[in-house]
Amino acid sequence: MSAIDHQALPEPPADLSEHSARLVHTIIAETALAGAISFARYMQMALYEPGLGYYSAGLRKFGPGGDFITAPEVSSLYSRAVANQCRQILAALHEPVILEFGAGSGRMAADLLTHLAGLRSLPRNYLIMETSADLRQRQQQRLSEALPDYYPNIIWLDTLPEEPLDAVIVANEVLDALPVHRVTLKDGIVHEQMVSISDGSLAFAGRELSSTLNEYCRLHDVINCDCDDGYTTELHTGYAPWLGSLSALLRRGVILLVDYGYTGAEYYSPERRAGTLLCHYRHRVHDDPFWYPGLQDITSSVNFSAVNTIAQQCGLDLLGYTTQAGFLLGSGLDQLYAEQVCNDDIDRYRLNQEVRTLTMPDAMGERFQVMALGRGMDLPLQGFSFTDLSHRL
Ligand SMILES: C[S@@+](CC[C@H](N)C(=O)[O-])C[C@H]1O[C@@H](n2cnc3c(N)ncnc32)[C@H](O)[C@@H]1O
C-alpha cells in the first residue's frame with residue numbers, strides 16, 4: 005500500500021486498542037512538554053517504551069499468527085546455513101563466542117546451535133543481547149527446551165562486555181528496527197519531519213535541519229539535486245553508535261548483518277520519493293506510523309553503503325556483501341537441502357516452498373542482503389564464495 009487505506013487493516017480488539025491508547029498518552033505527554041519530538045524518538049517509544057512499545061509488550065509478532073515472518077521463522081535451513089558460515093569463522097578464532105543481537109523468538113539460536121552441536125563445533129558461549137524483556141523470556145523458554153545440556157552456556161546480556169572478544173556477531177533483521185530520522189524536501193530545502201500534536205493527535209511537523217543531520221546528509225549523499233519537492237526519506241543516525249560499540253568489543257572476528265536494504269545510490273535514488281518507512285500489522289503492510297502505536301512494527305530498509313562507510317570509520321574491514329540467496333548458496337544450502345529427510349510428498353513440497361521463499365528474487369532472495377564486517381580475519385568467507393557484490397557499495 006502506498007497511501008494508507010485504514011479499511012484494509014483489521015481493527016484491533018478493544019484490549020489492544022486500550023493498550024495502544026496508553027502508549028499514545030505517554031508519547032503525547034512527552035511531546036507536549038518538548039513542543040515536538042524527533043521521529044527517531046517517536047519510533048524509539050513506539051517500539052521499545054518499557055511495557056508498552058511494540059517489542060517490549062507481550063504481543064505475538066513473529067510467524068503466521070503475528071505481524072511478519074523473518075527468514076529463521078521460514079525454515080531451519082536458513083539458520084543451519086548461517087551456522088555453517090559461523091563454523092568456518094569459529095575455527096579460525098581463539099576461544100570464540102557467538103553474540104546474537106535481537107534474537108526474536110529464539111528460533112535462529114535454537115536451530116543454529118543444534119546444527120553446530122551436530123558438527124561438534126559449539127562455541128564456548130552463546131551471548132544474546134535483547135532489548136525486549138518479553139522476548140528475552142520467550143528465548144529462555146525455547147532454548148532451555150531445545151538445548152538443555154548447552155543451556156548454561158547461553159548468557160543474556162544487559163550491557164556489552166567490557167573485555168574485547170574473539171567472536172562471531174550476528175544480527176538478523178535488527179538494523180531495520182533501529183529508530184530513524186525522517187526528512188523531506190520543501191522549497192528546495194531539506195527539513196526534518198518532527199512529531200508534534202495537532203488537534204489532540206500525533207502528526208508530522210517540519211523544522212530546519214540540525215547541523216548533525218545536515219552533516220549526515222552530506223556524508224551519505226542524501227537528497228541530491230535531481231530530487232523534487234516532497235521527496236521524503238530516512239536518516240540512519242543509529243548505525244554509528246551501534247557499530248562503534250561492536251567495533252570496541254571485537255578483538256578478532258566477524259559481524260554478520262542480514263536485512264532488507266539497498267546500496268546508498270539505490271536507497272536515495274530520485275525515484276524512491278516516499279522513502280522506505282513501512283509498518284507491519286497482521287501481515288498487512290502500510291505506511292502510517294501513527295496507526296495504533298505499540299500494536300504494529302515500524303521499520304525502514306537498511307542503507308548498506310552507510311553501514312560500510314561507518315564501519316570503515318570504526319576500523320572494521322568489509323569482508324563481503326551479497327544477496328541472501330547468494331550467501332545461503334555459498335554457505336551450503338544445496339547440501340543442507342539434499343540431506344533433509346522428508347517423509348512424504350507434503351513434507352517435500354513444504355521444504356521446496358521454504359527454499360523458494362528464502363532464495364527466489366521475488367521473495368527474500370534478493371530483497372535481503374548479507375554483509376560481513378570484520379577485524380583480524382584474512383580467510384575468504386564461504387558465504388561470499390558464490391557471489392560478492394562489495395563493489396556496488
Ligand atoms: C525484526 S526483529 C528480528 C528478530 C530475529 N532476529 C529474527 O530474525 O527473527 C528485531 C529484533 O531486534 C531486537 N532489537 C532491536 N533493537 C535492538 C538493539 N539495539 N539491541 C538488541 N536487540 C535489539 C528486537 O527486540 C527484536 O528481537
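Read left to right, the sequence shown gives residues 5 to 397 (the numbering used here).
Here a beta-carbon is modelled for each residue, glycine too, at the ideal position from N, C-alpha and C.
heavy atom of ligand 1 below 7 Å from residue i C-beta
| i | result |
| --- | --- |
| glycine 55 | no |
| tyrosine 59 | yes |
| proline 137 | In the sequence on display, residue 137 carries alanine and not proline. No, the Cβ of alanine 137 stays beyond 7 Å of every heavy atom of ligand 1. |
| alanine 278 | no |
| serine 305 | no |
| leucine 182 | yes |
| glutamate 134 | yes |
| glutamate 196 | no |
| phenylalanine 105 | yes |
| phenylalanine 43 | no |
| methionine 364 | no |
| glutamate 177 | yes |
| methionine 375 | no |
| glutamate 238 | no |
| glutamate 358 | no |
| glycine 265 | no |
| serine 205 | no |
| methionine 112 | yes |
| glycine 248 | no |
| phenylalanine 66 | yes |
| proline 76 | yes |
| glycine 62 | no |
| glycine 192 | no |
| serine 109 | yes |
Three-state class that DSSP yields for residue i in the structure shown
| i | result |
| --- | --- |
| valine 359 | helix |
| leucine 385 | coil |
| phenylalanine 185 | First, the residue type needs correcting, since residue 185 is histidine and not phenylalanine in the sequence shown. Residue state, collapsed to three classes: strand. |
| isoleucine 158 | strand |
| glutamine 89 | helix |
| arginine 277 | coil |
| alanine 61 | coil |
| glutamate 22 | helix |
| histidine 195 | strand |
| arginine 128 | coil |
| tyrosine 82 | helix |
| serine 6 | Low confidence applies to serine 6: its pLDDT is 41, below 50, so where it sits in the model is not reliable, and the reading given next is rough at best. Serine 6 falls in the coil class under three-state DSSP. |
| tyrosine 353 | helix |
| aspartate 263 | strand |
| glutamine 344 | coil |
| alanine 371 | Here residue 371 is arginine; the residue named in the question, alanine, does not match the sequence. Coil, per DSSP. |
| aspartate 291 | coil |
When the options are compared against residue i, the one with the closest alpha-carbon
| i | options | result |
| --- | --- | --- |
| alanine 121 | Arg186, Gly265, Ala87, Gln300 | Ala87 |
| leucine 206 | Met49, Ile32, Thr313, His240 | Ile32 |
| arginine 256 | Asp162, Thr241, Ile93 | Ile93 |
| glutamine 316 | Arg45, Leu250, Phe105, Arg222 | Leu250 |
| aspartate 366 | Ser136, Met47, Tyr264 | Tyr264 |
| serine 305 | Phe294, Thr313, Gly319, Ala278 | Ala278 |
| leucine 139 | Arg371, Tyr59, Leu340 | Tyr59 |
| glutamate 134 | Glu22, Tyr154, Trp160, Glu149 | Trp160 |
| serine 394 | Asn312, Asn356, Asp348 | Asn312 |
| histidine 119 | Glu99, Cys90, Leu179, Glu104 | Cys90 |
| glycine 336 | Met381, Gln141, Phe388, Gly380 | Phe388 |
| proline 54 | Ser136, Asp153, Ser109 | Ser136 |
| glycine 364 | Thr327, Asp351, Asp230, Ala40 | Reading the sequence as shown, one finds methionine at residue 364 and not glycine. Per the Cα distances, Thr327. |
| alanine 36 | Ile102, Ile201, Ala18, Gln141 | Ile201 |
For residue j and residue i, believed in contact at Cβ under 8 Å, the rounded distance
| i | j | result |
| --- | --- | --- |
| threonine 267 | glycine 330 | Going by Cβ atoms, the distance from threonine 267 to glycine 330 rounds to 15 Å, so no, they are not a contact pair. |
| valine 78 | leucine 362 | 6 Å |
| leucine 56 | leucine 20 | 12 Å between Cβ atoms; not a contact. |
| tyrosine 243 | alanine 310 | 6 Å |
| alanine 96 | leucine 383 | 6 Å |
| valine 184 | methionine 47 | 7 Å |
| leucine 247 | isoleucine 314 | 5 Å |
| alanine 61 | histidine 23 | 7 Å |
| threonine 74 | glutamate 166 | That pair is no contact at about 31 Å. |
Min CB distance residue i to chain C below 8 Å
| i | result |
| --- | --- |
| leucine 147 | Among the chains in the structure shown there is no chain C, since it carries only a single protein chain. |
Q. Taking contact to mean at least 3 C-beta pairs separated by less than 8 Å, is the stretch 64 to 84 in contact with the stretch 278 to 290?
A. yes
Q. Should the stretch 77 to 92 be called in touch with the stretch 101 to 120, which here means at least 3 C-beta pairs below 8 Å?
A. With three or more CB-CB distances shorter than 8 Å, the stretch 77 to 92 counts as touching the stretch 101 to 120.
**Q.** contact_flag[the stretch 244 to 264, the stretch 170 to 188] where n(CB pairs < 8 Å) is 3 or more
**A.** yes
Q: Would you be able to state if there are at least three C-beta pairs under 8 Å between the stretch 179 to 192 and the stretch 235 to 249?
A: yes
Q | Segment contact, 8 Å Cβ cut-off, at least three pairs: the stretch 217 to 233 with the stretch 332 to 350 | A | no
(Q) Does the structure place the stretch 157 to 172 close enough to the stretch 124 to 137 that three or more beta carbon pairs sit under 8 Å? (A) yes
Q. Is the stretch 292 to 311 close to the stretch 368 to 375, with three or more CB pairs under 8 Å?
A. yes
**Q.** the stretch 210 to 223 / the stretch 194 to 202 touching (three or more Cβ pairs under 8 Å)
**A.** yes
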